Structures are given as C-alpha cells and as structure tokens.
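As structure tokens, the structure follows; a few thoughts come after it.
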Amino acid sequence: MTAEKSKAGAMQVDIAIIGGGINGCGIARDAALRGLSVYLCEQNDLASGTSSWSTKLIHGGLRYLEHYEFRLVREALMERERLWRIAPHIIWPLRFVLPAHRGLRPAWLLRLGLFLYDHLGGRKLLPATRTLDLFTDETGQPLKRDARIGFEYSDCWVDDARLVVLNAMDARNHGATIETRNKLIGAERSNGVWRLTIEDQLTQAKKIVEAKALVNAAGPWVADILHGKVQSNTQARIRLVQGSHIVVRRLYNHDRAYIFQNADGRIIFAIPYQKNFTLIGTMDRDYQGNPAEVRATEEEISYLIAAASEYFQKPIQRDDVVWSYSGVRPLYDDGASKAQEATRDYVLKLDAPDHNAPLLSVFGGKITTYRRLAEAVLDRFKPYFPNLSAQQTVTADHTLPGGDFPVTGFAALVDDMARHYPAMNHDFLERLCRLYGTRARMILGDATSMADLGEHFGGTLTSREIDYLMQEEWAETAEDILWRRTKLGLVLTKEEQAHLAAVIAKKKQ
Ligand SMILES: Cc1cc2nc3c(=O)[nH]c(=O)nc-3n(C[C@H](O)[C@H](O)[C@H](O)COP(=O)(O)OP(=O)(O)OC[C@H]3O[C@@H](n4cnc5c(N)ncnc54)[C@H](O)[C@@H]3O)c2cc1C
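Heads up: the sequence shown begins at 278 in our numbering, then just goes up one per residue.
Here it is in structure tokens:
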C-alpha cells in the first residue's frame, strides 16, 4: 500500500523504519508485501552502515555451535537455500576447507560439528561435508604442510550491499517509500501515532512523517535513536564489536574458501573475492568510538597478515594488501567476556505504553537471518494491525529483483545473454548478470556493441550502467557505485574514479 497525506501535508504510513541496512530494508519488504504502507529513511546511502562491511557469508556459523547457539545456527542454516533461491544472482554456494591442525580442536570434534552442521538445517541442494587429504588434494597445495586431514563443507556467499538494495527495490515495487540521505532527527508520540522529524541531508529541509508504528533498525546507532532521538525508557544494552578485513591479490587458483582456527580462539577466513583477489578476515574486538569513523588499524591489518601467513606457504606482504575495511556489529550485550563470544542472535525490544504507537528496536542479528528477523518483527506488530494476522509472509517464495531464474541457472543466464549480445565481452556480461541478474537486460537494452553503451569509465563501467544505478537503485555518488552497487573501486584507477565523481556531480546538477 502507498502512503497517504494528512490535511497538513504530512506523509501518513502504517510503519516507519529508521535505517537502510539489511534489517531495515528486509522489514520494509516484508511489511510492504503484506500490504502495509511503509516509509523508510536512511541517513546516508543504503548499506552504508554495517551491512556492506561483512564477511559476506550466508552461513550457519560453525563456531556458534561451540557456544550452544543451536536455535540461531539451525535458523541460519535453513535460510541458506531459501535466500539462494530468491536471489541466485548475488548468492551462490561456496565450499570451505577446514584443516585439522594438531594442538587445536581435534579432528573428531570438527567432524562431529560438521555432522550437526550438515543435518540441522534442511539442506537439499548444497553438497555435504567430505574429508580431504590435504597432501594430495589441490586445496592443500597453497598451504604449509602441517595438517594432513581437512574437511570441506558448504555455506553460501552473498553480495551483502546488493542484498540490501534489492530488498529496498522490492519494497518500493510493493508501494514502500524509501528515502536515502534522509535522517531521523526527532520523534514523539502524539494522539496515538508517531510524529517523526526527518531532515534531508543534502538540503537540510525538514518534514514530518506520521506512522502508526516505528521500527528502530539503526544498527550501531540503535541506542542513539532509542535514548537520544526517541527518548524511550527501553532497557537494553548494545555491544559494539569491530570486525576488520583485508583484500589481497589472489593467493591461489581454485574456487574454495579456507576457514582457519587461530591459536587465540579466533577464526580467520580466506575467500576468493572479485575474481582477482582474496578476502581475509576477521579480527573482532570491542569498539567504543563513533561507528561512522571505524577503520581497520595497522595493528589489525598486521594481525590478519600474520594470521593468514601462519597457514599459507607464501607469506603475505603488506604490499599485497590492496584494500581493507572495517565494520561494527551492533550486538545485544549478553555479558559475554570476549567480543567473539557475544551472541550473534537478534533481540527485539518492544515499547508500547498504553498499547498504542509501538516502537520496536532491533539489536544484533546477521545478514543470514535478516528475513526471519523481519518476520519476527511483523509478528510482534500483529496486535496493532488487525488485518496483518491473515497475511502470511511471502518473502521466502518471492524472488528479489533480477533473481527470477532457476536457482542453479546462472551459467545458462550468462549463455543466454551471450547469445543475445554476441558482440559483447563475456566477462562483462557475466559481471552484469552477477550484479543485476535478469535485469542486466534493462542496462543493455538495444545495444549491439560495447560502443553503444556510452562513455567508458574503466573496468567495463559505462554510462548505461551508471544511469541505471542512479534511476533504479538510489546511487548518488561515485562511492555508492564503486564500493556498494559494484566493487569496481578495486579496479578503477584514482584518476578514473575522480573522473567518474566529476561526471556524476554534473548529472546531479
Ligand atoms: C566484520 C563483520 C562481519 C560480518 N560478517 C557477517 C557474515 O559473514 N554473515 C552474516 O550473516 N552477518 C555478518 N555480519 C553481521 C551483519 O553484517 C550485521 O548484523 C548486519 O549488517 C546489521 O544490519 P543492520 O541493518 O542492523 O545495521 P546497518 O547495516 O548498520 O544499518 C543501519 C542503518 O541505519 C542508519 N541510521 C542510523 N541512524 C539513523 C538515523 N537517525 N536516521 C536514518 N538512518 C539512520 C545507518 O546509516 C545505517 O545505514 C558481520 C558483521 C561485521 C561487522
């Protein structure tokens, strides 16, 4: 349903959502698909908070089994194939190699954990765990020869920032209003509804939005909204945990990822990334500063280089690091002593004095479980929206934009595109299909050659793609395009990036 207007001109909706990360956009999609009118504001760009700084895994979280988080692991495992089915362009299976090193967790314990992992969560398409002889298997070749036995198991990869945008697009397709660069600066209950003051971050213009219910999905800023902007009495503590990654030139040639156990109890992943790179992370530690200013420090970068070099034959050098990034997990504070042990499960806190104008705040969660979190949020709102009880969630059956092709049909999609556009570079078509799925055709349209796609900005980025991103996906700056809608920031030179920024600034005038 679309929003209405009050006599004074204020937008009126059923649900207003603060935060355009995966949780906010997932809730917006679920609510819009169930027929509610929705408004979502994001102070910056979609996915500019934690949701684009993750390890990009749709995973059960093998290590959470050690903390007995069976409910979370089971729910997350079940989500893997559901999410893969609704977005097979941006989500795909990934096999992980776990070497069994002497002196760390014993091989039998790893095998037991992986047996549970294989059987807890309704796995149908993903292959089961197998045992490897790392002295003969190709996955052992790049590693030092100090573990002979390894295990290979399944999880999935996701383009996290695109998952956010696709949820926002689907919400918009079902009537939701999504506004980026718009910040909630104040909120009060008045006559049984929320009156929100929203400030446009580009023009500083202010407006009022009225909502029957308010969702605080501000991620690391959840407490700032709760106690600053809304002044709620809800008692909940948030624990900010920083996690950093480095991106290095590709360390090996096969398509499997590694999961290494570190002697200090941390887990390090090394994952094939964007064809020519390897992603290594994370190092987790408590964080006290402003979430917007979090950066990977030299100490963290050195830690990740040293940790991965423990396992690979060829040590990683500081010069191999082409990019690093850092994000802050907005975890619910369950009093765990170590950052890596704090629960990754989500917690929802409802504040509804006199049973009206509810405020629901989201703590913690994972990208993997965002859809289930959205269902749980809508369930909590059932008493406030009588028509909602009859509406079942359909978010697991309904594909995300561009994902309307068979779950294992990605190669066929690329082949089909190559037949339609025989003069276009194959890698380019594959890149577009990975980002936009079947919607890649909207970008290519009637073009018959690369020259028909307008100006070329480097790394096969063309005017057509930029126009598509600005018209359809809320992209407003070069950074939005280079680091969130695509990862071409890894490919374009500094000069090409500066030129792109100048062209976009001109388009915006
Ligand atoms: C290092 C790291 C690795 C991770 N790896 C994984 C993984 O592999 N798999 C997985 O499933 N999960 C992973 N996670 C967890 C996952 O990334 C987070 O749980 C998830 O992204 C949180 O999303 P969110 O929507 O709650 O928060 P965010 O993405 O931070 O979104 C909140 C948004 O609210 C906006 N906002 C704040 N205040 C206002 C305001 N006043 N007005 C308007 N907007 C506002 C912010 O700008 C922000 O964009 C990882 C997390 C980290 C940090």
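Beta carbons are placed, not taken as given, at the ideal position from N, Cα and C, and that holds for glycine. From a predicted model like this one, the values you see are computed outputs, not experimental measurements.
Can the beta-carbon of residue i be found closer than 7 Å to that of residue j?
i: residue 539; j: residue 584; result: yes
i: residue 571; j: residue 508; result: no
i: residue 317; j: residue 305; result: yes
i: residue 452; j: residue 685; result: no
i: residue 603; j: residue 437; result: no
i: residue 493; j: residue 325; result: no
i: residue 354; j: residue 337; result: yes
i: residue 555; j: residue 335; result: no
i: residue 428; j: residue 391; result: yes
For residue i, I'd like the list of residues in its chain whose CB is within less than 6 Å of its CB, leaving aside the five on either flank, ordered along the chain.
i: residue 601; result: 523, 573 and 578
i: residue 340; result: 544
i: residue 743; result: none
i: residue 666; result: 659
i: residue 351; result: 397 and 398
i: residue 441; result: 299, 302, 323, 324 and 328
Given this structure, state the Cα-to-Cα distance separating residue i from residue j, to the nearest angstrom.
i: residue 605; j: residue 643; result: 12 Å
i: residue 534; j: residue 376; result: 11 Å
i: residue 661; j: residue 632; result: 8 Å
i: residue 613; j: residue 630; result: 31 Å
i: residue 754; j: residue 739; result: 15 Å
i: residue 565; j: residue 751; result: 31 Å
i: residue 285; j: residue 321; result: 27 Å
i: residue 361; j: residue 431; result: 13 Å
i: residue 586; j: residue 528; result: 11 Å
i: residue 363; j: residue 677; result: 6 Å
i: residue 487; j: residue 757; result: 29 Å
i: residue 412; j: residue 531; result: 16 Å
i: residue 712; j: residue 469; result: 43 Å
i: residue 730; j: residue 424; result: 51 Å
i: residue 403; j: residue 778; result: 41 Å
i: residue 746; j: residue 418; result: 41 Å
i: residue 767; j: residue 595; result: 17 Å
i: residue 626; j: residue 548; result: 35 Å
i: residue 664; j: residue 291; result: 12 Å
i: residue 450; j: residue 563; result: 39 Å
i: residue 374; j: residue 408; result: 9 Å
Please go through the same chain and pick out, in chain order, the residues whose beta-carbon is closer than 7 Å to the beta-carbon of residue i, but skip the five residues on each side of it.
i: residue 607; result: 327, 496, 497, 499, 515, 517, 640 and 641
i: residue 668; result: 311 and 312
i: residue 622; result: 346, 349 and 641
Heavy atom of ligand 1 less than 6 Å from the Cβ of residue i, yes or no?
i: residue 643; result: yes
i: residue 388; result: no
i: residue 319; result: yes
i: residue 695; result: no
i: residue 498; result: yes
i: residue 325; result: yes
i: residue 582; result: no
i: residue 457; result: no
i: residue 331; result: yes
i: residue 328; result: yes
i: residue 339; result: no
i: residue 688; result: no
i: residue 300; result: yes
i: residue 606; result: yes
i: residue 559; result: yes
i: residue 483; result: no
i: residue 520; result: yes
i: residue 363; result: no
Output the boundary residues of the alpha helix (DSSP H) element that contains residue i.
i: residue 674; result: Premise fails: residue 674 is in no alpha helix (DSSP H) and is neither H nor E.
i: residue 681; result: Counting along the chain, residue 681 falls outside any alpha helix (DSSP H), and DSSP gives it neither H nor E.
i: residue 300; result: 299-310
i: residue 782; result: 771-785
i: residue 694; result: 687-697
i: residue 753; result: Run containing residue 753: none; DSSP gives neither H nor E here.
i: residue 654; result: 647-657
Between which two residues does the beta strand (DSSP E) holding residue i run?
i: residue 522; result: 515-526
i: residue 431; result: 426-435
i: residue 373; result: 368-376
i: residue 561; result: 554-563
i: residue 485; result: 483-493
Beta-carbon within less than 8 Å of residue i's beta-carbon, same chain only, minus the 5 sequence neighbours each way: which residues are those?
i: residue 702; result: 727 and 737
i: residue 307; result: 648, 651, 652, 654, 655, 670 and 672
i: residue 618; result: 344
i: residue 787; result: In this structure the chain extends from 278 to 786, so residue 787 is not present and cannot be described.
i: residue 474; result: 461, 462, 463, 464, 483, 484 and 485
i: residue 558; result: 332, 520, 521, 522, 523, 545, 546 and 581
i: residue 394; result: 337, 339, 342, 350, 354, 406 and 430
Taking 7 Å as the CB-CB cut-off, is residue i touching chain D?
i: residue 288; result: Any reference to chain D falls outside this structure, which holds one protein chain only.
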